[in-house]
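Numbering (UniProt numbering), first residue to last: 1 to 139. First comes the structure, then the notes that go with it.
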């Protein structure tokens, strides 16, 4: 099963990261990533750019309105994610507990990633997506 670990931080926690030596932070996170790789559970891991540099497409009106980020309160934003392929939610939780990015103001949300097998297989759009996934080695 795949799970997404969504990394969140308060304004204060995020600002405190600025006090940490960047090379030290890379080494700490790199060691954790290496553990995930050695365990064979890492599918993807990405950090996200500053929310202030993003845009939001709001579909509440026609046509949709595009505004500069960030969207909502900072506590609603996330800064990066991992996708892990693990046996259970409990295993995903155990990996999240080991995250080196922790402390007051840091949180990790864990959500299961649905698979294509959970959708109606006789649907033409699911069949097209399955064919694409197979052609790109994703299945």
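Every residue gets a Cβ at the ideal spot worked out from N, C-alpha and C, and that includes glycine. As the structure is a prediction and not an experimental result, all values here were calculated from the model.
Annotation for residue 10: 105 place their beta carbon closer than 6 Å to its own, counting only its chain and skipping 5 residues before and after. For residue 12, same chain residues with a beta-carbon under 6 Å away, outside a window of 5 residues either side, are 105 in chain order. Here the segment 84 to 92 lies against the segment 32 to 44, with 3 or more beta-carbon pairs under 8 Å apart.
One Cα belongs to residue 26, the other to residue 95, and the distance between them is close to 18 Å. With a contact defined as Cβ atoms closer than 8 Å, residue 8 and residue 119 miss out at about 29 Å. In terms of Cβ geometry, residue 1 and residue 99 do not form a close pair [threshold 8 Å]. Between residue 6 and residue 115, the gap from beta carbon to beta carbon reaches 8 Å or more.
With respect to the 8 Å criterion, residue 46 and residue 80 are classified as neighbours on the basis of their beta carbons.
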